[in-house]
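If you count the sequence shown from 1, you need to add 189 to reach our numbering. For every residue, glycine included, the Cβ atom is placed at its ideal position computed from N, Cα and C. These numbers come from a predicted model, not from an experiment.
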Amino acid sequence: MGKVKKKVKLIKIDPDKCNGCRACELICSAFHATPKYSSNNPARARIRMIYEPLKDIYLPVYAGEYTAATCMGRNKYIIDGKEYGECAFCRASCPARDAFKEPDSGLPLKCDMCEDDPAQEVPLCVKWCITDALTYEEVEEEVEEDVALTEMEIGLKALVDKYGLDNMVDGIARLSQKG
Ligand code: SF4
Ligand code: SF4
Numbered sequence: 190m191g192k193v194k195k196k197v198k199l200i201k202i203d204p205d206k207c208n209g210c211r212a213c214e215l216i217c218s219a220f221h222a223t224p225k226y227s228s229n230n231p232a233r234a235r236i237r238m239i240y241e242p243l244k245d246i247y248l249p250v251y252a253g254e255y256t257a258a259t260c261m262g263r264n265k266y267i268i269d270g271k272e273y274g275e276c277a278f279c280r281a282s283c284p285a286r287d288a289f290k291e292p293d294s295g296l297p298l299k300c301d302m303c304e305d306d307p308a309q310e311v312p313l314c315v316k317w318c319i320t321d322a323l324t325y326e327e328v329e330e331e332v333e334e335d336v337a338l339t340e341m342e343i344g345l346k347a348l349v350d351k352y353g354l355d356n357m358v359d360g361i362a363r364l365s366q367k368g
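Structure representation (structure tokens):
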């Protein structure tokens, strides 16, 4: 596949401005509740704030791609005298941790930039962040042309990785006989 120019949406994060209020987690989970805004539960948010007040660490990170493999990243970073593990900055929903997983099903969660119809002016976590720790940017970049997976396809891929394709096919066949 070739390269194409694409508008890329970004959230810029300034951890020094984050006060740990968790408003970003609340509004993200409420926006993605079914029906919309019917409940809020930060465990279902696609952004999370790493909170270690005794070390003065408040680090918001929003969810990126699902990955089936655990990486080998065990490095430590000292930034402004604060120590962060490599995982702290990672946006992946991965097998090694609970972050960015739907708490009931374990299926991966990914930030969709608050996709809506009509579109939101700015992502809701940015709008609700009163300290400007989160700011929204759009940049044009040359990226590899790819076919983005839908949320359902990402969930299916995670299930196939967990249970194996054959088991999934058998299960779906059994379900269809019952249905
Ligand atoms: S809303 Fe802003 S200040 Fe509050 S936790 Fe999220 S990033 Fe930090
Ligand atoms: S942009 Fe929207 S979907 Fe993404 S983390 Fe922020 S509130 Fe959640």
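What are the residues that DSSP puts in a beta bridge with G274?
The residue labelled residue 274 in the question sits at position 85 within the sequence shown. Looking at the DSSP output, G274 shares a beta bridge with K265.
Using C-beta distances below 6 angstroms, list every residue in its chain close to T324, excluding the 5 sequence neighbours before and after it, in chain order.
Mapped onto the sequence shown, residue 324 falls at position 135. In its chain, beyond the 5 residues on either side, K201 have a beta carbon closer than 6 angstroms to the beta carbon of T324.
Taking V349 as the reference, give the member of D321, S365, G295 with the closest Cα.
Numbered from 1 along the sequence shown, position 160 holds the residue referred to as residue 349. The shortest Cα separation from V349 among D321, S365, G295 belongs to G295.
Rounded to whole angstroms, what's the CA-CA distance from D203 to F220? Just pull it up for me.
Looking up residue 203 in the sequence shown gives position 14. Looking up residue 220 in the sequence shown gives position 31. The alpha-carbon atoms of D203 and F220 are separated by roughly 23 angstroms.
Using 8 angstroms as the Cβ pair cut-off and three pairs as the minimum, do the stretch 296-314 and the stretch 260-272 touch?
No contact exists between the stretch 296-314 and the stretch 260-272.
Going straight from the alpha carbon of A322 to that of I361, what length do you get?
Position 133 of the sequence shown, counted from the first residue, corresponds to residue 322. Position 172 of the sequence shown, counted from the first residue, corresponds to residue 361. A322 and I361: Cα-Cα distance of roughly 45 angstroms.
My output table needs one value for Y226: the three-state DSSP class, helix, strand or coil.
Along the sequence shown, read from residue 1 onward, the residue named residue 226 stands at position 37. It is coil, neither helix nor strand.
With E329 and K194 assumed to form a contact (beta carbons below 8 angstroms), what rounded beta-carbon distance in angstroms separates them?
Mapped onto the sequence shown, residue 329 falls at position 140. Mapped onto the sequence shown, residue 194 falls at position 5. Contact holds; Cβ gap of about 6 angstroms.
For T324, which beta-bridge partners are listed by DSSP?
For the purposes of this step, residue 324 is taken as the residue at position 135 of the sequence shown. Beta-bridge pairing links T324 to K201.
Buried/exposed call for I216, threshold 16 Cβ in 10 Å
Here residue 216 is taken as the residue at index 27 of the sequence shown, counted from 1. Result: buried.
Alpha-carbon spacing of K271 relative to A347, whole angstroms:
Locating residue 271 in the sequence shown gives position 82, counting from the first residue. Locating residue 347 in the sequence shown gives position 158, counting from the first residue. Taking the straight line from one Cα to the other gives about 34 angstroms.
Same chain, Cβ closer than 7 angstroms to P312, five either side skipped, listed in chain order
As a first step, residue 312 is located in the sequence shown; it is residue number 123 there, counting from the start. Within its own chain, the residues whose Cβ lies closer than 7 angstroms to the Cβ of P312, once the five positions on either side in sequence are excluded, are I200, M302, C303, Y325, listed in chain order.
Given a threshold of 16 other Cβ atoms within 10 Å of its Cβ, counted over all protein chains shown, does Y247 qualify as buried or as exposed?
Here residue 247 is taken as the residue at index 58 of the sequence shown, counted from 1. Sixteen is the threshold: when 16 or more other Cβ atoms of the shown chains lie within 10 Å of the Cβ of Y247, as they do, the residue is buried.
Quick one: give me the first and last residue of the beta strand (DSSP E) that L248 is part of.
Locating residue 248 in the sequence shown gives position 59, where the first residue counts as 1. Where L248 is concerned, the enclosing beta strand (DSSP E) stretches over 246-251.
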